[in-house]
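Trainee: In the working numbering, the protein residues as written are 8 to 110. Cβ atoms here follow ideal geometry from the backbone N, Cα and C, with glycine treated the same way. Below is one structure. I have some questions about it.
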Amino acid sequence: MSATRAFQFCGTAVALMLSVQTAYARPDTRAMSCQQTRNLIERSGAIVLSTGTYTYDRYVSPRGYFCASNEVPNLVAVPTRDTPDCTVYRCEPFEPLFNFEDR
8 MSATRAFQFC GTAVALMLSV QTAYARPDTR AMSCQQTRNL IERSGAIVLS TGTYTYDRYV
68 SPRGYFCASN EVPNLVAVPT RDTPDCTVYR CEPFEPLFNF EDR
């Protein structure tokens, strides 16, 4: 393989890696309206969203089974472009009202 072809191959490989990296960027709730954020979660079922510079979490649609068996969807507030308190669902551990195992 000539040096020119090797250089072209490396350039193509680097460009491909950069494009794949960009494809995995998390959507940011602060760049969307509350309704856009809710629609994205509803369409995806479950999705990881950025909520701040260093914060992110997994949000779920209340319709469907996107939480683990020991979790339930719980309302939480995230900041969006049009409101600081857009309510969406996040899976949180289920805590039973009664513990029947302590006998």
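Just to check my reading of the structure: Arg88 and Arg33 have Cβ atoms closer than 8 Å, yes? What is that Cβ distance to the nearest angstrom?
Mentor: Locating residue 88 in the sequence shown gives position 81, counting from the first residue. Locating residue 33 in the sequence shown gives position 26, counting from the first residue. Under the criterion of beta carbons closer than 8 Å, Arg88 and Arg33 do not qualify as touching, at roughly 16 Å.
Trainee: Which ranges would you report for the beta strand (DSSP E) in the segment 48-90 if only whole runs of at least 3 residues count?
Mentor: 53-57, 63-67, 78-85
Trainee: I think Cys74 touches Val85, with their Cβ atoms under 8 Å apart; what is that distance to the nearest whole Å?
Mentor: For the purposes of this step, residue 74 is taken as residue 67 along the sequence shown, with counting starting at 1. For the purposes of this step, residue 85 is taken as residue 78 along the sequence shown, with counting starting at 1. In fact, because the Cβ distance is near 17 Å, the residues do not count as touching under 8 Å.
Trainee: When the Cα of Gln42 is compared with those of Glu99, Val95, Glu102, Ile54, which residue comes out closest?
Mentor: Numbered from 1 along the sequence shown, position 35 holds the residue referred to as residue 42. The residue with the shortest Cα to Cα distance from Gln42 is Val95.
Trainee: Could you compute how far the alpha carbon of Ala53 sits from the alpha carbon of Tyr66?
Mentor: Here residue 53 refers to the residue found at position 46 of the sequence shown. Here residue 66 refers to the residue found at position 59 of the sequence shown. Distance between the alpha carbons of Ala53 and Tyr66: 6 Å.
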